Amino acid sequence: MTKTPLLSQTPSTGPHVTVGEFCRQITLLPAEFRDTGPLSRTREQKNRLSICNKLCYAVGGAPYQITGCALGFFLQIYLLDVAQLDPFSASIILFVGRAWDAITDPTIGFLVSRSPWTRFGRMLPWIVFSTPLAVVSYFLIWYVPVFEDGRVIWYLVFYCLFQTLQTCFHVPYSALTMFISEDQKERDSATAYRMTVEVLGTVIGTAVQGQIVGMASAPCIPTPGDNVTVDGLNSSLLLGQEVNATITTVITLDQTKTAYNVASGAICSIYVLCAVVLFFGVKEKKGKGRRMSFWQGIRLVMGHGPYVKLVMGFLFTSLAFMLLEGNFALFCCYTLGLRNDFQNILLVIMLAAMLTIPFWQWFLTKFGKKTAVYIGTSSVIPFMLLVVCVKSNLIITYMVSFAAGVGVAAAFLLPWSMLPDVVDDFQVQNPESQGHEAIFYSFYVFFTKFASGISLGISTLSLDFAGYITRGCTQPENVDITLKVLVSAAPIGLILIGLVIFRSYPIDEERRQGNRKLLQEQR
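Given below as structure tokens:
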């Protein structure tokens with residue numbers, strides 16, 4: 016009698032499968048594969064995470080997204096229009112800060128992997144001790160010093176310092192995914208919780224930073240030829256006030272600086288709260304296996320084909336969304352002329368992303384992760400085209416922003432959902448080489464951050480070459496064209512390159528389920 020292959024009958028047991036459906040599917044397995052003995056049940060119960068555990072773990076991802084969203088959307092416009100730096104100096108700060116951040120990732124990843132085990136684990140102490148210094152340095156990024164000559168050095172130092180300390184938080188946190196449970200299903204479920212909270216973090220970051228700053232926007236400076244009036248259309252170009260001698264209520268630049276300080280203080284408080292919840296709500300499980308040296312770890316990790324293809328694919332797609340993120344505020348202010356509404360538009364994008372994370376989790380469980388990559392990432396392309404082709408209209412912009420947020424959700428969820436699969440695949444092929452999780456995660460972050468530094472630097476320099484006017488009420492036509500390229504044409508090209516690379520990614524659902532069974536046998 017010929018047995019039916021196991022993999023063809025393994026049920027899909029994602030986090031959204033009902034108990035009844037699971038029980039129905041499990042009865043389809045041959046008896047020898049049901050593994051319903053007491054030892055198996057005990058192991059499953061030990062690896063199972065409660066909803067509280069998953070929520071506490073997920074909360075730990077919020078600080079990275081809250082601060083990253085605030086910096087990504089607002090730092091460029093803050094340096095140009097509030098700190099009043101020239102575009103070249105701003106591009107140096109953005110590029111060097113991101114490049115430094117990228118360099119620290121593999122370094123911190125190696126140090127984390129070599130850290131001794133403590134009573135609190137190996138990852139959690141890094142998170143706890145880095146938090147106080149991180150919030151102080153973050154606050155000082157948004158503080159405008161009284162001196163002018165050394166402002167570039169001020170922002171460069173504290174931006175790099177914050178990125179380093181945040182790396183000490185985020186790399187251990189990312190690698191913690193592999194140490195909260197040995198069960199792949201539980202890790203996928205926890206990752207879905209994490210992605211939902213992280214997108215919520217972007218909503219919080221956008222809301223806190225955008226709404227507080229939006230109520231006290233820096234006044235623009237009319238240039239020769241600007242028709243800035245009280246009653247005309249150009250009132251949308253005035254950063255929340257009318258630039259006119261007859262106006263009685265004027266928001267000063269000092270008030271705008273204070274608003275940025277208030278927003279950064281609120282975000283720092285949330286950062287600390289999330290770190291406390293993570294520390295007390297998650298128990299880290301001790302890993303097993305021999306440790307690798309730094310260079311041995313790099314050779315093994317970078318020599319793993321599926322990992323390289325995954326990183327390269329997401330490198331281009333992530334770079335596309337980073338270009339969009341870094342220039343969208345300027346695009347809304349100057350190209351669309353929606354200066355009073357740009358913070359609300361950003362909020363709509365993040366809300367849409369948060370609401371559709373559960374849908375993409377269901378989709379990748381139902382149709383597979385590679386299919387989710389193709390559908391989810393490409394779904395944003397029509398809206399990138401629409402936002403630059405349609406004449407400025409607030410209602411249409413809101414609709415396009417909500418639809419684009421659906422694609423942003425997929426971009427958030429999929430990389431972190433697929434990285435554990437690559438780590439599992441590596442463990443199957445190298446069963447004696449463990450303790451490498453932090454290296455996998457840190458090098459992925461390294462490549463994406465380095466690329467984002469290059470993109471931010473190039474985009475800010477492009478604005479400088481196009482003739483960007485600091486605090487101008489309007490911008491030259493070349494600036495408008497440059498902004499359209501940076502939020503539409505360039506991201507679309509990068510997304511298409513990434514999708515082509517994903518065609519060669521070898522870990523499909525059959526291989527993923529096979530790795531899961533082999534790892535269970537090893538354990």
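Residue numbers for the sequence shown follow this note's numbering, beginning at 16 and rising by one. By construction, the Cβ of each residue, glycine as well, lies at the ideal position given by its N, Cα and C atoms. Note that the structure is predicted; figures quoted are calculated from it, not measured.
For residue i, count neighbouring Cβ atoms within 10 angstroms of its own Cβ and tell me buried if that reaches 16, exposed if not.
{"i": "residue 490", "result": "buried"}
{"i": "residue 518", "result": "exposed"}
{"i": "residue 157", "result": "buried"}
{"i": "residue 506", "result": "buried"}
{"i": "residue 317", "result": "exposed"}
{"i": "residue 66", "result": "exposed"}
{"i": "residue 508", "result": "exposed"}
{"i": "residue 212", "result": "buried"}
{"i": "residue 439", "result": "buried"}
{"i": "residue 381", "result": "exposed"}
{"i": "residue 358", "result": "buried"}
{"i": "residue 333", "result": "buried"}
{"i": "residue 521", "result": "exposed"}
{"i": "residue 353", "result": "buried"}
{"i": "residue 198", "result": "buried"}
{"i": "residue 407", "result": "exposed"}
{"i": "residue 404", "result": "exposed"}
{"i": "residue 224", "result": "buried"}
{"i": "residue 372", "result": "buried"}
Compare the C-alpha of residue i against each of the options and name the closest.
{"i": "residue 411", "options": "295, 204 and 347", "result": "347"}
{"i": "residue 100", "options": "518, 484 and 496", "result": "484"}
{"i": "residue 510", "options": "331, 434, 383 and 537", "result": "331"}
{"i": "residue 390", "options": "184, 514, 197 and 481", "result": "514"}
{"i": "residue 326", "options": "381, 458, 361 and 413", "result": "458"}
{"i": "residue 324", "options": "130, 455, 153 and 355", "result": "455"}
{"i": "residue 493", "options": "370, 430, 349 and 471", "result": "349"}
{"i": "residue 310", "options": "125, 290 and 512", "result": "125"}
{"i": "residue 73", "options": "203, 163, 162 and 148", "result": "203"}
{"i": "residue 145", "options": "329, 130 and 290", "result": "290"}
{"i": "residue 271", "options": "288, 285, 229 and 299", "result": "229"}
{"i": "residue 102", "options": "496, 471 and 534", "result": "471"}
{"i": "residue 182", "options": "480, 487, 460 and 497", "result": "460"}
{"i": "residue 71", "options": "196, 297, 274 and 200", "result": "297"}
{"i": "residue 163", "options": "104, 375 and 534", "result": "104"}
{"i": "residue 300", "options": "408, 537 and 68", "result": "68"}
Kindly indicate which three-state DSSP category residue i falls into: helix, strand or coil?
{"i": "residue 487", "result": "strand"}
{"i": "residue 192", "result": "helix"}
{"i": "residue 221", "result": "helix"}
{"i": "residue 391", "result": "helix"}
{"i": "residue 83", "result": "helix"}
{"i": "residue 136", "result": "strand"}
{"i": "residue 518", "result": "coil"}
{"i": "residue 353", "result": "coil"}
{"i": "residue 580", "result": "The structure shown does not extend to residue 580, since the chain is modelled only from 16 through 538, so no value can be given for it."}
{"i": "residue 146", "result": "helix"}
{"i": "residue 97", "result": "coil"}
{"i": "residue 320", "result": "helix"}
{"i": "residue 157", "result": "coil"}
{"i": "residue 527", "result": "helix"}
{"i": "residue 297", "result": "coil"}
{"i": "residue 198", "result": "coil"}
{"i": "residue 75", "result": "coil"}
{"i": "residue 63", "result": "coil"}
{"i": "residue 131", "result": "coil"}
{"i": "residue 328", "result": "helix"}
{"i": "residue 230", "result": "coil"}
{"i": "residue 267", "result": "coil"}
{"i": "residue 482", "result": "coil"}
{"i": "residue 508", "result": "helix"}
Hey, would you say the C-beta of residue i is under 7 Å away from at least one heavy atom of the ligand NAP?
{"i": "residue 470", "result": "As for the ligand NAP, it is missing from this structure, which has no ligand bound."}
Whether or not the region 205-222 and the region 77-86 are in contact is what I'm after, with contact meaning three or more pairs of Cβ atoms, one per stretch, closer than 8 Å; do they touch? Remark: three or more beta-carbon pairs, one from each stretch, lie closer than 8 Å, so the region 77-86 and the region 205-222 are flagged as touching.
Between the region 111-126 and the region 457-464, do three or more beta carbon pairs fall short of 8 Å? These segments touch.
Check whether the region 410-424 touches the region 391-399, taking contact to mean three or more Cβ pairs, one atom from each stretch, closer than 8 Å. Segments in contact, yes.
Mind pulling the alpha helix (DSSP H) runs of 4 or more residues that sit fully within the region 399-467? Listed in chain order, the complete alpha helix (DSSP H) runs (minimum 4 residues) inside the region 399-467 are 409-444.
Segment contact flag, the region 266-280 with the region 162-179, C-beta cutoff 8 Å, min 3 pairs: These segments do not touch.
Say whether the region 326-346 touches the region 493-510, bearing in mind that this needs 3 or more beta-carbon pairs closer than 8 Å, one atom from each stretch. By the criterion of at least three beta-carbon pairs nearer than 8 Å, the region 326-346 is in contact with the region 493-510.
Can you find at least 3 beta carbon pairs, one from the region 124-139 and one from the region 189-208, that sit closer than 8 Å? Below 8 Å, enough C-beta pairs join the region 124-139 and the region 189-208 to call them touching: three or more.
Should the region 119-126 be called in touch with the region 469-476, which here means at least 3 C-beta pairs below 8 Å? Counting Cβ pairs under 8 Å, fewer than three are found: no touch.
Meets three-Cβ-pair contact criterion under 8 Å: the region 351-367 and the region 524-531: Verdict: no, contact absent.
Would you be able to state if there are at least three C-beta pairs under 8 Å between the region 87-94 and the region 423-434? Because the criterion of three Cβ pairs below 8 Å is not met, the region 423-434 and the region 87-94 do not touch.
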